[in-house]
Amino acid sequence: MIDFVRMFEAIDTTTKTSAKVDAVLTYLTLAREEDKVWAIAILMGNKPKRPVKTADLRLWAAAAAGIPLWLLEESYYIVGDLAETLTHVMPPRKVTAIPVDLSLFQVFTDVSHMRLASPDEQQDIVLRYWQMLDSTALFVFNKFLTGNFRVGVSRKLVVRAVAKYTALDEATVEHRLMGKWNPFEESMESLFNPDLQSQKHFLPYPFYLAYPLEDDVDALGPIDEWILEPKLDGIRGQLVLRAGELFVWSRGEDLMTDKFVEFQPLKDILPPGTVIDGEIIPWKNGAPLDFAVMQTRIGRKNISKKALESAPLVMVCYDLLEWDGEDIRTKPLWERRGKLITLLADFPVSDVLKLSQQLAFDDWSAAAAYRREARRYLAEGIMLKRKDSHYEVGRKRGGWWKWKTDPMTIDAVLIYAQSGHGRRANLFTDYTFAVWDQGELVPFAKAYSGLTDKELLQIDRWIKQNTIEKFGPVRSVKPILVFELAFEGIQRSTRHKSGVALRFPRILRWRQDKPASEANTREDLEQFLVKAGSGNSTAR
Amino acid sequence: MSLLTVNENGLFCRQGDFYIDPWKPVKTAIISHGHSDHMRFGMGNYICHHHTVPLLKLRLGSEQIVQGVSYGEVLDINGVQVSFHPAGHIIGSAQIRLSYNDEVWLFGGDYKIVPDGVSTPYVCVPCDHFITESTFGLPIYNFPDPAEVYADMNAWWRANASEGYNTVLLAYALGKAQNVLAHVDKTIGDIYLHGAVANVNDALIDVGYSFAGRRISDGLRRHEVRGALIVAPPSALATPWLRTWTPYRIAMCSGWMQLRGARRRRGVDRGFVLSDHCDWQQLNQAIVQTKARNIYVTHGYEQAFSRWVREKHGLQAVVFKTLYSDQEEEEL
Numbered sequence: 001m002i003d004f005v006r007m008f009e010a011i012d013t014t015t016k017t018s019a020k021v022d023a024v025l026t027y028l029t030l031a032r033e034e035d036k037v038w039a040i041a042i043l044m045g046n047k048p049k050r051p052v053k054t055a056d057l058r059l060w061a062a063a064a065a066g067i068p069l070w071l072l073e074e075s076y077y078i079v080g081d082l083a084e085t086l087t088h089v090m091p092p093r094k095v096t097a098i099p100v101d102l103s104l105f106q107v108f109t110d111v112s113h114m115r116l117a118s119p120d121e122q123q124d125i126v127l128r129y130w131q132m133l134d135s136t137a138l139f140v141f142n143k144f145l146t147g148n149f150r151v152g153v154s155r156k157l158v159v160r161a162v163a164k165y166t167a168l169d170e171a172t173v174e175h176r177l178m179g180k181w182n183p184f185e186e187s188m189e190s191l192f193n194p195d196l197q198s199q200k201h202f203l204p205y206p207f208y209l210a211y212p213l214e215d216d217v218d219a220l221g222p223i224d225e226w227i228l229e230p231k232l233d234g235i236r237g238q239l240v241l242r243a244g245e246l247f248v249w250s251r252g253e254d255l256m257t258d259k260f261v262e263f264q265p266l267k268d269i270l271p272p273g274t275v276i277d278g279e280i281i282p283w284k285n286g287a288p289l290d291f292a293v294m295q296t297r298i299g300r301k302n303i304s305k306k307a308l309e310s311a312p313l314v315m316v317c318y319d320l321l322e323w324d325g326e327d328i329r330t331k332p333l334w335e336r337r338g339k340l341i342t343l344l345a346d347f348p349v350s351d352v353l354k355l356s357q358q359l360a361f362d363d364w365s366a367a368a369a370y371r372r373e374a375r376r377y378l379a380e381g382i383m384l385k386r387k388d389s390h391y392e393v394g395r396k397r398g399g400w401w402k403w404k405t406d407p408m409t410i411d412a413v414l415i416y417a418q419s420g421h422g423r424r425a426n427l428f429t430d431y432t433f434a435v436w437d438q439g440e441l442v443p444f445a446k447a448y449s450g451l452t453d454k455e456l457l458q459i460d461r462w463i464k465q466n467t468i469e470k471f472g473p474v475r476s477v478k479p480i481l482v483f484e485l486a487f488e489g490i491q492r493s494t495r496h497k498s499g500v501a502l503r504f505p506r507i508l509r510w511r512q513d514k515p516a517s518e519a520n521t522r523e524d525l526e527q528f529l530v531k532a533g534s535g536n537s538t539a540r
Numbered sequence: 001m002s003l004l005t006v007n008e009n010g011l012f013c014r015q016g017d018f019y020i021d022p023w024k025p026v027k028t029a030i031i032s033h034g035h036s037d038h039m040r041f042g043m044g045n046y047i048c049h050h051h052t053v054p055l056l057k058l059r060l061g062s063e064q065i066v067q068g069v070s071y072g073e074v075l076d077i078n079g080v081q082v083s084f085h086p087a088g089h090i091i092g093s094a095q096i097r098l099s100y101n102d103e104v105w106l107f108g109g110d111y112k113i114v115p116d117g118v119s120t121p122y123v124c125v126p127c128d129h130f131i132t133e134s135t136f137g138l139p140i141y142n143f144p145d146p147a148e149v150y151a152d153m154n155a156w157w158r159a160n161a162s163e164g165y166n167t168v169l170l171a172y173a174l175g176k177a178q179n180v181l182a183h184v185d186k187t188i189g190d191i192y193l194h195g196a197v198a199n200v201n202d203a204l205i206d207v208g209y210s211f212a213g214r215r216i217s218d219g220l221r222r223h224e225v226r227g228a229l230i231v232a233p234p235s236a237l238a239t240p241w242l243r244t245w246t247p248y249r250i251a252m253c254s255g256w257m258q259l260r261g262a263r264r265r266r267g268v269d270r271g272f273v274l275s276d277h278c279d280w281q282q283l284n285q286a287i288v289q290t291k292a293r294n295i296y297v298t299h300g301y302e303q304a305f306s307r308w309v310r311e312k313h314g315l316q317a318v319v320f321k322t323l324y325s326d327q328e329e330e331e332l
């Protein structure tokens, strides 16, 4: 535990990636064997589920600190991170040094034990640790108990460090660390020994991710060197068929096999040793449905017959990564696509597997015209893939680009603000926006991103000076500031007061030139709905 | 009728016809200390501690009419007994005690009960009515022992110097900068001062203070400097000026550095938790020790802190809405 805390401190006090990689590498070199898999899991965000209720943690911490719960809540608003709040409210006390032999493995054995323990027993375990630890160690422990543990080191950097440590190449390490593996069931040996890989038949390949196109499209050379496809708005996934089993992986590396039951029959149809990459998307009458339909599927534990009928899923397939048990990722895309086309034609899978459409244009300006109007074709833009591109690991420039259509935009008035989390803690950075509706402002969107740090500070100060009312962490402010918001989609919604739900709203810019009275209206939003052609989400 | 009330100009004593730390121009202003949110331009005449006088003239101009007083000296202003008592916040900082008709009011201004080794240490002044700040008035603020922080700071400077890096410390020009200069180990390397810090130090020479470090002169060949300590105000962050010290590592000195978010937002390498204010425990301690029955909470977390004081200590506690900054970020 101590060495892990030291590594965390080293990572946390530098902004240099090389120093971060060194810190992880040093840890791996020094840590005991049983702790290494745990450290890798935590650094990659593969932490066990929360073992206790955060409401209980708050109660225990308030009691231990001798403060009322409301004061702990006030403090949490300011800190913006529960684990850090719990750490800071502990009164300064003399802590006996952390036992040097406390292993990370032991800590997680206790943590996972808590999941099944009674609340009293949970409290005993937590209090024992709270007494034993202080400052950074206490914070790290609290992070183990609460939400996401963002350590300040990206997955890529962890992979780099592990690759150096194991003397494997980064792509191999990335592959071995795919999915939500259980650190209790793995060892460095089972993760990285190549002889043991045949047992890992469920593993997907690391996804190849495209960067947004930055340069002029003409700079990409002749259009006939590229394969262009509509960019669909579903869930990126991999179908893995091996050893008579089927696994459906999402790009977030969640195993979705049980949720996406439509694909089950494929295990009896397609030959083992097949891995397909594509977009999983609700589909009816030969066309995709809106992403909102998908969301009704994902949240559910049990999928009802009705859900299956109203939101049937298909995979729009665009790549073949493994064929006949052979990893073909380094074959050129045109060849992989050729095999994919044959496969989809040879096997009776057309009800759930569709071939991604290849768009044919005479030149880039024709492609650009399609992109501008992409929404009309139920796409978010165009994917550009070099015909001879390999299937790379992770986000890489060059071979693939995403070329999204311009977002829809609207000018809205800031009416509520809430302080942010993490590095935005104690700054009012989470905003609620409204548009005019018959002389009144109706809230319709929340947005968090898009402003510079300098603007955030400026607006934070403005909010503090122009607060009308405070409700806990939220402030209502004078309706004065106008912002241009961008969004990717719009849906009618009964759950939102304004009657619409936006997809991925963010702030494009601060309209300091516009008074609130000139912000857009609800009718303008209606116009977008009409144009998007979605009177309601299912009738398409 | 309360002896002190808040109006649009500031904290007003009707009986004495004067203001304390007013934010709009008034005839007579009693000034608790030299930070800009407490000492503003345009008052008819200023009354402050002797050591604040040179700071006032540095900031507001030498033509200002200023009366300097000593700690403990009692002024009679229209029947109100006014005296200044050490607040331990920065050099010259004072708590302002008002006594009238057997009632004692105390304006704490900004204060810190832990001695910083530079300013005159805080003295507890018993009173009936205590006006307290609440900059760090939440239980998440528990500051470490400054001696440990300075030890860390020296060790960091030494390590940076041994690797050929300069060390830039961001510290408020008035207060924190002097504390840092008093506690760094001068044997590690050269110390250079940003103009804002050097100006304050120069002004304080007249009242008997002297601090380590050289003002950065135009003739200094900065690109040849290695292993030095540079003390600059926080406004130097993200300026081209900073780049002239490359290679450097940079740290911010502030009570806010206790929170990770605050440190990460500034993108500094290190945060040293050093404050010229009370932390949570110290605020509570100060309030109890004054024996005041009535607490007026100003700048900071005034809502939460006044509720806490009512519930925990059973005192009358209300919010006093002032325009003093709760940012602990002072620029000159």
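Quick mapping for you: the protein sequence lines, in order, are chains C and E.
Using full-length UniProt numbering, read the first sequence as starting at 1 and increasing by one per residue.
Using full-length UniProt numbering, read the second sequence as starting at 1 and increasing by one per residue.
Glycine included, C-beta positions come from ideal geometry on N, C-alpha and C.
Give a yes or no on whether 8 angstroms exceeds the smallest Cβ distance from residue i to chain E.
i, result
"residue 379/C", "no"
"residue 71/C", "yes"
"residue 473/C", "no"
"residue 442/C", "no"
"residue 426/C", "yes"
"residue 75/C", "yes"
"residue 431/C", "no"
"residue 67/C", "yes"
"residue 92/C", "yes"
Would you mind sorting residue i into buried or exposed? The rule is 16 or more other CB atoms within 10 Å of its CB.
i, result
"residue 206/E", "exposed"
"residue 39/C", "buried"
"residue 211/C", "exposed"
"residue 173/C", "buried"
"residue 176/E", "buried"
"residue 438/C", "exposed"
"residue 392/C", "buried"
"residue 87/E", "buried"
"residue 315/C", "buried"
"residue 30/C", "exposed"
"residue 143/C", "buried"
Is there at least one Cβ from chain C nearer than 8 angstroms to residue i's Cβ?
i, result
"residue 310/E", "no"
"residue 56/E", "no"
"residue 258/E", "yes"
"residue 286/E", "no"
"residue 37/E", "no"
"residue 142/E", "yes"
"residue 304/E", "yes"
"residue 261/E", "yes"
"residue 138/E", "yes"
Is residue i a contact residue of the ligand MG, with contact defined as CB to any heavy atom under 7 angstroms?
i, result
"residue 219/C", "Ligands displayed in this structure: none; no statement on the ligand MG is therefore possible."
Whole-angstrom Cβ separation of residue i and residue j, contact assumed at under 8 angstroms?
i, j, result
"residue 76/E", "residue 104/E", "Going by Cβ atoms, the distance from residue 76/E to residue 104/E rounds to 15 angstroms, so no, they are not a contact pair."
"residue 381/E", "residue 184/E", "Because residue 381/E is not part of the residues shown, which for chain E are 1 to 332, the question remains open."
"residue 178/C", "residue 102/C", "Their Cβ separation, rounded to whole angstroms, is 30 angstroms, which puts residue 178/C and residue 102/C out of contact at 8 angstroms."
"residue 417/C", "residue 463/C", "5 angstroms"
"residue 226/C", "residue 238/C", "About 23 angstroms; that fails the 8 angstroms criterion."
Quick check: the region 281-296 of chain C against the region 330-350 of chain C, are at least 3 beta-carbon pairs closer than 8 angstroms?
With a cut-off of 8 angstroms on Cβ pairs, the region 330-350 of chain C is not in contact with the region 281-296 of chain C, counting fewer than three such pairs.
Where the region 73-93 of chain E meets chain C: residues whose CB sits under 8 angstroms from a CB there:
none
At a CB distance below 8 angstroms, what residues from the region 76-88 of chain C approach chain E? Give them in sequence order.
Going along the region 76-88 of chain C in chain order, one finds 78, 79, 80, 81, 84, 85 and 88 with a Cβ nearer than 8 angstroms to chain E.
Please name the residues in the region 237-254 of chain E whose beta-carbon is closer than 8 angstroms to at least one beta-carbon of chain C, in chain order.
none
Please name the residues in the region 1-18 of chain C whose beta-carbon is closer than 8 angstroms to at least one beta-carbon of chain E, in chain order.
12, 13, 14 and 15
Compile a chain-ordered list of the residues in the region 264-279 of chain E whose CB is closer than 8 angstroms to at least one CB of chain C.
So the list reads 264, 265, 267, 269 and 270, given in the order they occur along the chain.
Should the region 194-203 of chain E be called in touch with the region 118-136 of chain E, which here means at least 3 C-beta pairs below 8 angstroms?
no
Give a yes or no on contact between the region 272-285 of chain E and the region 139-147 of chain E, applying the rule of three or more CB pairs nearer than 8 angstroms.
yes
What are the residues of the region 120-132 of chain E that lie near chain C, defined by any Cβ-Cβ distance shorter than 7 angstroms?
none
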